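Numbering (UniProt numbering), first residue to last: 1 to 468. Below is one structure, written out as structure tokens; comments come after it.
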Ligand SMILES: Nc1ncnc2c1ncn2[C@@H]1O[C@H](COP(=O)(O)OP(=O)(O)O[C@H]2O[C@H](CO)[C@@H](O)[C@H](O)[C@H]2O)[C@@H](O)[C@H]1O
């Protein structure tokens with residue numbers, strides 16, 4: 001089969017969070033199964049664009065209302081990612097350093113989707129499936145099915161994967177004229193809450209909808225930032241497919257970013273060396289348990305509670321624990337996490353920012369990884385932690401519920417039911433008790449490192465879904 005993935009992110013080209021990881025891995029694993037998976041994404045003004053070689057495969061114009069922008073599509077020549085990668089370059093809109101966060105993001109991603117479809121509309125053959133990821137590519141199923149200029153693509157099945165239903169990309173009906181012409185009586189397919197809502201439009205128009213874990217599929221029928229009833233209604237064409245992880249990028253036995261690589265056999269010495277290196281850099285005590293949090297500092301991740309959780313845990317344990325944070329997001333949370341450094345020198349530290357290398361080093365060197373998420377469609381961090389022998393402490397929600405079992409239930413992690421200062425504090429205490437039993441910790445590490453969360457299974461599940 002030929003599968004075209006449309007996405008705003010793809011690791012290592014551009015990554016803000018888990019979407020990048022998924023789109024950087026799934027196509028590679030689909031190719032390994034004998035299919036032809038390709039990725040189409042915006043060409044941002046970043047290192048990847050500057051440091052790799054490309055050929056131009058399309059040169060045209062994209063029309064957005066009364067504005068015309070030059071649009072070019074570049075193909076990466078060396079197949080570095082293990083699949084064909086196409087970057088949509090639109091001067092004045094997409095060629096910026098950041099992926100998101102501009103006032104004209106609506107125009108940017110609309111132009112991206114239209115230019116990409118204009119290009120595909122010119123192909124002599126048709127792909128078997130168009131697979132869209134999140135709201136940035138959510139208007140594609142509508143446009144393919146309804147816009148006159150793409151009429152000949154309308155029989156291609158479109159799949160939407162929802163990585164996070166919190167973000168929907170809504171904009172006002174005053175921008176309707178940006179869309180290529182379609183029969184106006186179909187406008188209701190675009191509408192949700194009196195706005196043009198790209199995620200809602202994709203849920204209505206896609207042939208199939210998937211979520212990134214089975215539990216998240218259950219949860220969005222009653223918690224989906226306003227889309228609950230729509231998702232409940234479209235349940236019949238929806239499926240939950242648990243994400244995998246890229247075992248080649250995330251391999252503690254070969255990871256060039258670690259101080260010391262390690263396998264299941266050498267996990268004890270390997271984790272010890274990585275923990276020592278981290279503790280030296282961040283002025284922490286290598287004899288004490290090291291708890292960590294990695295992620296976007298937003299409400300969904302429970303990040304607003306972290307300063308209070310950490311303050312209490314460090315006070316109550318008499319600083320018998322270490323905490324290290326890596327993240328960026330809400331400036332108020334960033335400030336509070338930075339402030340804690342002055343109170344708890346030697347037991348607490350935080351790196352506020354994005355740092356891919358450091359994230360690998362933390363998964364390898366930490367004892368415990370905290371994920372007190374309010375919403376977690378799948379979560380990849382807990383799976384990276386497992387692969388690197390770090391015990392996850394998670395709220396039982398979404399994909400966390402599907403991947404982590406509590407030690408009290410014969411499992412290997414620590415689970416709690418609510419995102420509250422008390423619940424997480426209690427879980428930190430349980431982890432401390434576990435840490436005192438080093439024989440048990442070592443057994444758990446070996447066990448979790450041997451769990452298989454690779455993409456092999458999920459890549460096949462997507463193929464089965466396309467062929468249904
Ligand atoms: N400051 C930082 N420095 C370095 N690396 C950082 C970082 N902050 C985050 N990361 C990395 O970004 C990724 C985060 O992935 P997640 O799946 O946990 O979250 P996200 O909410 O972005 O993704 C959404 O999509 C994914 C994919 O489907 C779902 O798993 C998830 O539940 C959903 O919310 C991990 O690779 C993590 O290491």
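Glycine included, C-beta positions come from ideal geometry on N, C-alpha and C. Remember, it's a predicted structure, so these values are computed and weren't measured experimentally.
**OP:** Quickly, what does DSSP pair residue 71 with across the bridge? List them, please.
**Re:** Here residue 71 is taken as the residue at index 71 of the chain shown, counted from 1. According to DSSP, which records beta bridges pairwise, residue 71 is partnered with 60, 90.
Original post:
Under the three-state reduction of DSSP, which class applies to residue 16: helix, strand or coil?
Top reply: Position 16 of the chain shown, counting from 1, holds the residue named residue 16. Taken through DSSP and simplified to helix, strand or coil, residue 16 comes out as coil.
**OP:** Compute the Euclidean distance between the alpha carbons of residue 148 and residue 193, then round it to the nearest angstrom.
**Re:** Start at 1 with the first residue of the chain shown, and residue 148 comes out as number 148. Start at 1 with the first residue of the chain shown, and residue 193 comes out as number 193. For residue 148 and residue 193, the distance between alpha carbons rounds to 26 Å.
**OP:** Give a single yes or no on whether residue 328 has its beta carbon closer than 7 Å to a heavy atom of ligand 3.
**Re:** With respect to small molecules bound, the structure shown includes ligand 1 and not ligand 3.
Subject >> N- and C-terminal bounds of the alpha helix (DSSP H) containing residue 263 >> reply: On the chain shown, position 263 is the one that residue 263 refers to. First-last for residue 263: undefined, no H or E at that position.
Original post:
So, helix, strand or coil for residue 366, using DSSP?
Top reply: Indexing the chain shown from 1 puts residue 366 at position 366. In this structure, residue 366 counts as coil in the three-state DSSP scheme.
Original post:
Around the C-beta of residue 78, are 16 or more other C-beta atoms found within 10 angstroms, so that it is buried, or is it exposed?
Top reply: Looking up residue 78 in the chain shown gives position 78. So residue 78 counts as exposed.
Subject >> residue 468 classed as buried or exposed, judged by whether at least 16 other C-beta atoms fall within 10 angstroms >> reply: Residue mapping note: residue 468 aligns to position 468 of the chain shown, counting from 1. If you draw a 10 Å sphere on the C-beta of residue 468, you find fewer than 16 other C-beta atoms in it, and that means exposed.
Subject >> Limits of the unbroken alpha helix (DSSP H) element including residue 336 >> reply: Indexing the chain shown from 1 puts residue 336 at position 336. From DSSP, the alpha helix (DSSP H) with residue 336 extends over 331 to 343.
Original post:
With 16 as the cutoff for other CB atoms within 10 Å, does residue 353 come out buried or exposed?
Top reply: For the purposes of this step, residue 353 is taken as residue 353 along the chain shown, with counting starting at 1. By the neighbour-count rule (16 or more Cβ atoms within 10 Å), residue 353 is not buried but exposed.
Original post:
Helix, strand or coil: which one does DSSP assign to residue 179?
Top reply: For the purposes of this step, residue 179 is taken as residue 179 along the chain shown, with counting starting at 1. DSSP places residue 179 outside both helix and strand once states are collapsed to three, so it counts as coil.
Original post:
From this set, 383, 422, 133, which residue's C-alpha is nearest residue 404's C-alpha?
Top reply: Working through the chain shown from its first residue, we reach residue 404 at position 404. Among 383, 422, 133, the Cα nearest to that of residue 404 is on 383.
Subject >> Integer-rounded CB distance, given that residue 240 should sit under 8 Å from residue 259 >> reply: On the chain shown, position 259 is the one that residue 259 refers to. On the chain shown, position 240 is the one that residue 240 refers to. With a beta-carbon spacing of about 37 Å, residue 259 and residue 240 fall beyond the 8 Å limit used to define contacts.
Original post:
Apart from the five residues just before and just after residue 48, which ones in its own chain have a Cβ nearer than 8 Å to its Cβ?
Top reply: Along the chain shown, read from residue 1 onward, the residue named residue 48 stands at position 48. Take residue 48, set aside five residues on each side of it, and the residues of its chain with a beta-carbon closer than 8 Å to its own are 12, 13, 14, in chain order.
Original post:
Hey, residue 176 and residue 196: beta-carbon distance below 8 Å or not?
Top reply: Locating residue 176 in the chain shown gives position 176, where the first residue counts as 1. Locating residue 196 in the chain shown gives position 196, where the first residue counts as 1. Closer than 8 Å, so yes.
**OP:** Following the continuous beta strand (DSSP E) through residue 38, name the residue where it begins and the one where it ends.
**Re:** Within the chain shown, the letter at position 38 stands for residue 38. 36 to 42 is the extent of the beta strand (DSSP E) around residue 38.
Original post:
Cα-Cα, which of 315, 95, 266, 334 is closest to residue 343?
Top reply: Along the chain shown, one-based indexing puts residue 343 at 343. The shortest C-alpha separation from residue 343 is found at 315.
Subject >> residue 438, buried or exposed, once every other Cβ within 10 Å from all chains shown has been counted against 16 >> reply: Taking the first residue of the chain shown as position 1, residue 438 is located at position 438. Counting the other CB atoms within 10 Å of its CB gives residue 438 a total below 16, which places it among the exposed residues.
Original post:
My guess is that residue 370 and residue 282 are in contact by the Cβ rule of under 8 Å, so how many angstroms apart are they, rounded?
Top reply: One-based indexing of the chain shown puts residue 370 at position 370. One-based indexing of the chain shown puts residue 282 at position 282. That belief does not hold up - the Cβ atoms of residue 370 and residue 282 are roughly 16 Å apart, past 8 Å.
Subject >> 8 Å Cβ shell around residue 341 - same chain, five flanking residues per side excluded >> reply: What you label residue 341 is simply residue 341 of the chain shown in a count that begins at 1. Short of 8 Å from the beta carbon of residue 341, and not among the five residues preceding or following it, lie these beta carbons of its own chain, in chain order: 348, 349, 350.
**OP:** Kindly give me the distance between the Cβ atoms of residue 169 and residue 199, rounded to whole angstroms, as I take these residues to be in contact under 8 Å.
**Re:** Numbered from its first residue, the chain shown carries residue 169 at position 169. Numbered from its first residue, the chain shown carries residue 199 at position 199. That belief holds up - the Cβ atoms of residue 169 and residue 199 are roughly 6 Å apart, short of 8 Å.
Original post:
What is the DSSP secondary structure of residue 205, reduced to helix, strand or coil?
Top reply: Numbered from 1 along the chain shown, position 205 holds the residue referred to as residue 205. The answer is helix: DSSP assigns residue 205 an H, G or I state.
Original post:
Cα-Cα, which of 442, 112, 301, 309 is closest to residue 330?
Top reply: Locating residue 330 in the chain shown gives position 330, counting from the first residue. Looking at the Cα atoms, 301 is the closest of the given residues.
**OP:** Use the C-beta contact count for residue 143: other C-beta atoms within 10 angstroms, 16 or more gives buried, fewer gives exposed.
**Re:** Translated into the one-based positions of the chain shown, residue 143 becomes position 143. The Cβ neighbour count for residue 143, taken over all protein chains shown within 10 Å, is at least 16; the residue is labelled buried.
Subject >> DSSP three-state assignment for residue 270, whether helix, strand or coil >> reply: Locating residue 270 in the chain shown gives position 270, counting from the first residue. Correct three-state label for residue 270: helix.
Original post:
Nearest to residue 457 by CA position, among 303, 326, 28, is which residue?
Top reply: Along the chain shown, one-based indexing puts residue 457 at 457. Nearest to residue 457 by C-alpha distance, out of 303, 326, 28, is 28.
**OP:** Determine the closest residue to residue 166 out of 298, 357, 187, with distance taken between C-alpha atoms.
**Re:** Start at 1 with the first residue of the chain shown, and residue 166 comes out as number 166. Nearest of 298, 357, 187 to residue 166, Cα basis: 298.
Subject >> residue 413 vs residue 441 beta-carbon contact at 8 Å >> reply: On the chain shown, position 413 is the one that residue 413 refers to. On the chain shown, position 441 is the one that residue 441 refers to. Going by C-beta atoms, residue 413 is not nearer than 8 Å to residue 441.
Subject >> Reduced DSSP secondary structure (H/G/I, E/B, other) of residue 136 >> reply: Taking the chain shown and counting its residues from 1, one reaches residue 136 at position 136. In this structure, residue 136 counts as helix in the three-state DSSP scheme.
**OP:** Just tell me which of 243, 460, 227 has its CA closest to the CA of residue 453.
**Re:** As a first step, residue 453 is located in the chain shown; it is residue number 453 there, counting from the start. Closest by alpha carbon: 243.
Original post:
Within the present structure, is the beta-carbon of residue 244 separated from the nearest heavy atom of ligand 1 by less than 7 Å?
Top reply: Taking the chain shown and counting its residues from 1, the one referred to as residue 244 is at position 244. Checking every heavy atom of ligand 1 against the Cβ of residue 244, none is found closer than 7 Å.
Subject >> Cβ-based burial, residue 318 [other Cβ within 10 Å; buried from 16] >> reply: As a working note, residue 318 is residue 318 in the chain shown. Classification for residue 318: exposed.
**OP:** Would you check whether ligand 1 has a heavy atom nearer than 7 Å to the C-beta of residue 163?
**Re:** Within the chain shown, the letter at position 163 stands for residue 163. Inclusion of residue 163 in the 7 Å shell around ligand 1 follows from its C-beta lying nearer than that to a non-hydrogen atom of the ligand.
**OP:** For the region 325 to 339 and the region 246 to 257, state whether three or more C-beta atom pairs, one from each stretch, are separated by less than 8 Å.
**Re:** No, they do not touch.
**OP:** Report the rounded CA-to-CA distance for residue 75 versus residue 172, giving the unit in angstroms.
**Re:** As a working note, residue 75 is residue 75 in the chain shown. As a working note, residue 172 is residue 172 in the chain shown. Residue 75 and residue 172: Cα-Cα distance of roughly 34 Å.
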